[in-house]
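**Q** In full-length UniProt numbering, the protein residues as written are 1 to 449. Structure in structure tokens, see below.
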């Protein structure tokens, strides 16, 4: 049985104590009295007077948020937005709407441009599962220009149309000129191009070599491209001879594909150079012809000479370098080849000077940098150099006949007097030597000024 006698101490009543008779009463009677006393005491102990003012705060808030009335003129408008409302004149409201409309249009154009650039980048670059995971210094492998079936169909269509097969595959003259612009070609090995700040080398890889097999070691002055020996097993012919030309076995077991020193320093920081493996179809004969045409000097009347050379080539004159890509005979589609594309950044020797490389490595075939297309637009370079040399010679001639300064004359006179007084001894010689040295310094300062 539960004892509820402890509840009696929590009751609030007028009498603080109970009589002994009530305490000694039966349990049933005690429970009944306890229940009645607790109900009566609880009714007396709760104060409900606070409930009378529950609605007063809401009434005060309603009074505080009374509507505020503002009278508008005829040329004013109300614009409601996320940040509230604005009361502006009609002209100001119209101008703000136009600005918002222009901002929205600019954002839409920017978003559209970004999407087009991303789509173009995705369409130009393909991914290969074999080489996409390779890191570091290796990018994704670009897809071949055409699959074998499509390449054969394009070759047949080009032959039926009377065009070279290579043109039907997208390898045009402009694309080839871009790959060797301001650079050169080593047929069957590599081709390279350059800009005032960068150099790009495309090295032909042996059959079976992929990006994971390559090692590129680069410093400011040297370059070394190697591949693992396991990747060259498939390149050995049936008679046991290797199909790799120019590869060298290094001391650590790697095959060196290309090694040498740069003609000028490059930026060797990891953020300033990278390499990637690409697949493309290259016609070395046409590439060599374009490189030779690039090195031909251009006369002032370039348009007339170009027209005459084109007419001679169309008539079948057969002069060296005058044949264009359309004059080449029909040929089969070039096979797809893998190249290592190395992108380098030239190291600035002077902040405002551009260094043009005559060759990609010392000892390789060079080019005439004076005939580069990137420099032909500077027609006044030689005349400026001639004017500079002439002005420098005139300045030296003028300084040579310039009279000595007073300080040098006084010092020479003092040295002469000291030498005459002391004789031709060592002291006189030393004073004369000092005077001559001071005179030389003074004339040098005049030349610098």
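Glycine is no exception: its CB is placed at the ideal position from the N, C-alpha and C atoms. Since we're looking at a predicted model, the values are computed, not measured.
May I have the straight-line CA-CA distance separating residue 112 from residue 119, to the nearest angstrom?
**A** Distance between the alpha carbons of residue 112 and residue 119: 11 Å.
**Q** Taking the alpha carbon of residue 337 as the point to measure from, which residue in 280, 286 and 223 has its own alpha carbon closest?
**A** Closest by alpha carbon: 280.
**Q** Counting only the same chain and skipping the five closest in sequence on each side, list residues whose C-beta sits under 8 Å from that of residue 273.
**A** 218, 266, 267, 342, 343, 344 and 345, listed in sequence order.
**Q** How should residue 363 be labelled, buried or exposed, when 16 other C-beta atoms within 10 angstroms of its C-beta is the threshold for buried?
**A** Answer is exposed; the Cβ neighbour count stays below 16.
**Q** Between the beta-carbon of residue 339 and the beta-carbon of residue 201, is there less than 7 Å?
**A** It is not a contact, given that the beta carbons lie outside the stated cut-off.
**Q** By how many angstroms is the C-alpha of residue 76 removed from the C-alpha of residue 90?
**A** Their backbone Cα atoms lie some 6 Å apart in a straight line.
**Q** Taking C-alpha atoms, which residue in 212, 254 and 222 lies nearest to residue 229?
**A** Per the Cα distances, 254.
**Q** In whole angstroms, what separates the C-alpha of residue 261 from that of residue 101?
**A** In a straight line, the C-alpha of residue 261 is about 59 Å away from that of residue 101.
**Q** In the DSSP assignment, the beta strand (DSSP E) including residue 192 goes from what residue to what residue?
**A** Segment 190 to 194, the beta strand (DSSP E) holding residue 192.
**Q** Taking Cβ positions only, does residue 217 come closer than 7 Å to chain D?
**A** Considering every chain present, this structure includes no chain D. It has just one protein chain.
**Q** Counting only the same chain and skipping the five closest in sequence on each side, list residues whose C-beta sits under 7 Å from that of residue 282.
**A** Cβ neighbours of residue 282 beyond the five flanking positions: 334 and 337.
**Q** Considering only the alpha carbon of each residue, which of 81, 369 and 88 lies closest to residue 71?
**A** Comparing Cα positions, the closest option is 88.
**Q** Straight-line CA distance for residue 115 to residue 105?
**A** For residue 115 and residue 105, the distance between alpha carbons rounds to 15 Å.
**Q** If contacts are defined as beta-carbon pairs under 8 Å, then residue 193 and residue 180 qualify, I think. What distance do you get, rounded to the angstrom?
**A** Their Cβ separation, rounded to whole angstroms, is 6 Å, which keeps residue 193 and residue 180 in contact under 8 Å.
**Q** Check for me: the alpha helix (DSSP H) holding residue 284 runs from which residue to which?
**A** Looking at the DSSP string, the run of the alpha helix (DSSP H) that includes residue 284 is 284 to 294.
**Q** Can you check which of these residues, 278, 366 and 215, is closest to residue 258 by C-alpha distance?
**A** With distances taken between Cα atoms, residue 258 lies closest to 215.
**Q** Taking only three categories from DSSP, how would you classify residue 181?
**A** Note: residue 181 maps to coil in three-state DSSP.
**Q** Which one of 397, 110, 173 and 227 has the shortest CA to CA distance from residue 206?
**A** Ranking 397, 110, 173 and 227 by Cα distance to residue 206 puts 227 first.
**Q** Taking C-alpha atoms, which residue in 186, 211 and 353 lies nearest to residue 367?
**A** Ranking the options by Cα distance to residue 367, first place goes to 186.
**Q** Please check the pair residue 277 and residue 211, which I expect to be a contact at CB under 8 Å, by giving their CB distance rounded to whole angstroms.
**A** That belief holds up - the Cβ atoms of residue 277 and residue 211 are roughly 4 Å apart, short of 8 Å.
**Q** Beta strand (DSSP E) containing residue 253: first to last residue?
**A** Where residue 253 is concerned, there is no enclosing beta strand (DSSP E), given that its DSSP letter is neither H nor E.
**Q** Within 10 Å of its beta-carbon, does residue 110 have 16 or more other beta-carbons around it, so buried, or fewer, so exposed?
**A** Residue 110 is exposed by the Cβ-count criterion.
**Q** Using 7 Å as the threshold, is the C-beta distance between residue 176 and residue 350 below it?
**A** No, the Cβ-Cβ distance between residue 176 and residue 350 is not below 7 Å.
**Q** Suppose you measure from the CA of residue 86 to the CA of residue 98; what does that come to, to the nearest Å?
**A** If I take the Cα positions, the gap works out to 16 Å.
**Q** Do the CB positions of residue 375 and residue 263 come within less than 7 Å of each other?
**A** No, they are not a contact pair.
**Q** Check whether the Cβ atoms of residue 182 and residue 361 sit closer than 7 Å, and answer yes or no.
**A** It is not a contact, given that the beta carbons lie outside the stated cut-off.
**Q** Alpha carbon to alpha carbon, what distance is there between residue 189 and residue 236?
**A** Confidence is the limiting factor: at residue 236 the pLDDT is only 46, short of 50, which leaves the residue's position unreliable and the question unanswerable from this model.
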